[in-house]
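Novice: Residue 0 is where the sequence shown starts when you use numbering that gives the first Met the number 0, and the numbers rise one by one after that. Just so it is clear, CB atoms sit at the ideal spot from N, CA and C, and this is done for glycine as well. I am attaching a structure below and will ask some questions about it afterwards.
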Amino acid sequence: MAASIKDVAREAGVSIATVSRVLNDVDVVNEETKKKVLEAINKLGYRPNIVARSLKTQKTRTIGIIIPDISSQFYPEIVRGAEDVANIYNYNIMLCNTDLDPEKEMEYLRVLKEKMVDGVLYMSTSLEANILELINELQLPVVLVETTSKAADIPSVSIDNEKAGFDGVDYLIKKGNKRIAYIGTHEDAENASALRYIGYKKALEDNSIDLNEDIVYFGGLKAQDGYEAMENILQKENIDAVFCASDEIAMGAINALRDKGINVPGDVDVIGFDDIYSASIFYPKLTTVAQPMYDMGSVGMRMLIKIINKQEVDQKNYVLRHRIVERNSCKK
0 MAASIKDVAR EAGVSIATVS RVLNDVDVVN EETKKKVLEA INKLGYRPNI
50 VARSLKTQKT RTIGIIIPDI SSQFYPEIVR GAEDVANIYN YNIMLCNTDL
100 DPEKEMEYLR VLKEKMVDGV LYMSTSLEAN ILELINELQL PVVLVETTSK
150 AADIPSVSID NEKAGFDGVD YLIKKGNKRI AYIGTHEDAE NASALRYIGY
200 KKALEDNSID LNEDIVYFGG LKAQDGYEAM ENILQKENID AVFCASDEIA
250 MGAINALRDK GINVPGDVDV IGFDDIYSAS IFYPKLTTVA QPMYDMGSVG
300 MRMLIKIINK QEVDQKNYVL RHRIVERNSC KK
């Protein structure tokens, strides 16, 4: 039979109220008494009734994490950073995968509210008005990771995606490239990768290179999208470089170039975005704009836990540093 809180109190020689204070980390219990209670808990193998405890405290010590695509190598690294911090502070994780579907995002937000999670770490490919309205309506503490919201004042952790896009394209230009294709998300989309297209256009403008819409392709962020985009572009124009809004796009684009007998980087330079694990083992090894994925998750989780516990956060919108990782898909 499982030990009860009464058994713990009896073993430690204290009241049930004292055990409850230790479990809820209330400061009024002295260290010696707290030690006795914790020893009794360990000895008896006591596990608190989470449902009863959450009804009393209005906290479940559970945090929801919403990600758009569990098959992507990008999001698991963010989740790992978030989970490591959650474990330090004794929070459990409830992971929700939306399959890039805004309706599923909204449904998961409702489910997490019903499950009484203490807060949500939210990664979205589509921060549309109805999703922002729902976040506000549910009154859940939320921290955005990877992206930011122009329309709502929601805490966030991201990189400067526009500047990162600019730096990636400027890197290609400094290699002597002028006919630089873009494959990725349209600038009107409410997500992080859309800002990379704005950076792409600005880099061309600052280097006095005209935008050629025939070598711009809007679509998804997967390898198949990159392959199809590259086929489409090659039917219209010759290019000497490609800026891709994700590493997966870059891998698909390289495969399409290879199938056409076009060498990378001998004939065309290709730069990706994210620095997922496969970027370092793909052939050719991928030059990419790296995001600090693990840090994005860990910083976001620390911020969310502070907000949940009504502690002051140093800043509301963290912008972490990106960097260019040089490998073999661009000329030296």
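Along the chain, where does the alpha helix (DSSP H) containing D6 start, and where does it finish?
Specialist: Unbroken alpha helix (DSSP H) run through D6: I4 to A11.
Novice: In whole angstroms, give me the CA-to-CA distance for S148 and A16.
Specialist: Whole-angstrom Cα-Cα distance: 44 angstroms.
Novice: In angstroms with no decimal places, state the Cα-to-Cα distance between K112 and D294.
Specialist: Whole-angstrom Cα-Cα distance: 26 angstroms.
Novice: Alpha helix (DSSP H) containing I77: first to last residue?
Specialist: Its alpha helix (DSSP H) spans residues F73 to I87.
Novice: Compute the distance between the beta-carbons of I232 and I214, then report whether it is under 7 angstroms.
Specialist: Going by C-beta atoms, I232 is nearer than 7 angstroms to I214.
Novice: Take K201 and list the residues in its own chain whose beta-carbon comes closer than 6 angstroms to its own, dropping the five residues that flank it on each side.
Specialist: The answer, listed in chain order, is F165.
Novice: Could you name the residues of the same chain whose beta carbon sits closer than 6 angstroms to that of V36, not counting the 5 residues immediately before and after it, in chain order?
Specialist: Contacts found: A11, V18 and V21.
Novice: So what's A180 in DSSP terms, helix, strand or just coil?
Specialist: Correct three-state label for A180: strand.
Novice: Do A191 and E145 have their C-beta atoms within less than 7 angstroms of each other?
Specialist: Yes, they are a contact pair.
Novice: Between I179 and I253, what straight-line distance do the alpha-carbon atoms span, to the nearest angstrom?
Specialist: The straight-line gap from Cα to Cα measures roughly 14 angstroms.
Novice: The beta strand (DSSP E) spanning D268 covers which residue range?
Specialist: First-last of the beta strand (DSSP E) with D268: D268 to D273.
Novice: Sort out for me which residues DSSP pairs F242 with in a bridge.
Specialist: Paired residue(s): Y181 and I270.
Novice: If we ignore side chains and look at the alpha-carbon of each, how far apart do F281 and P140 end up?
Specialist: Using only the alpha carbons, I get a separation of about 39 angstroms.
Novice: Taking 6 angstroms as the cut-off, is the C-beta of F242 nearer than that to any heavy atom in the ligand ZN?
Specialist: The ligand ZN is absent from the structure shown, which contains no ligand whatsoever.
Novice: Alpha carbon to alpha carbon, how far is L210 from K177?
Specialist: Approximately 10 angstroms between the Cα atoms of the pair.
Novice: Report the rounded CA-to-CA distance for L54 versus T61, giving the unit in angstroms.
Specialist: Because the pLDDT of L54 is 48, which lies under 50, any placement of that residue in the model is unreliable, and the question is left without a value.
Novice: Do S245 and G80 count as a contact pair if the criterion is CB distance below 7 angstroms?
Specialist: No, Cβ-Cβ distance for G80 and S245 is not below 7 angstroms.
Novice: Does the separation of the CB atoms of T59 and M115 fall below 7 angstroms?
Specialist: Their beta carbons are under 7 angstroms apart, which means T59 touches M115 by this criterion.
Novice: Sorted by chain position, which residues of the same chain lie with C-beta nearer than 6 angstroms to R9's C-beta, five sequence neighbours on each side aside?
Specialist: Cβ neighbours of R9 beyond the five flanking positions: none.
Novice: Can you find the residues in the same chain that come closer than 6 angstroms, C-beta to C-beta, to D6, ignoring five residues on each side of it along the sequence?
Specialist: The residues are L43.
Novice: Pop quiz: I64 and L94 are said to be a contact at Cβ under 8 angstroms. What is the actual Cβ separation, rounded to whole angstroms?
Specialist: Going by Cβ atoms, the distance from I64 to L94 rounds to 5 angstroms, so yes, they are a contact pair.
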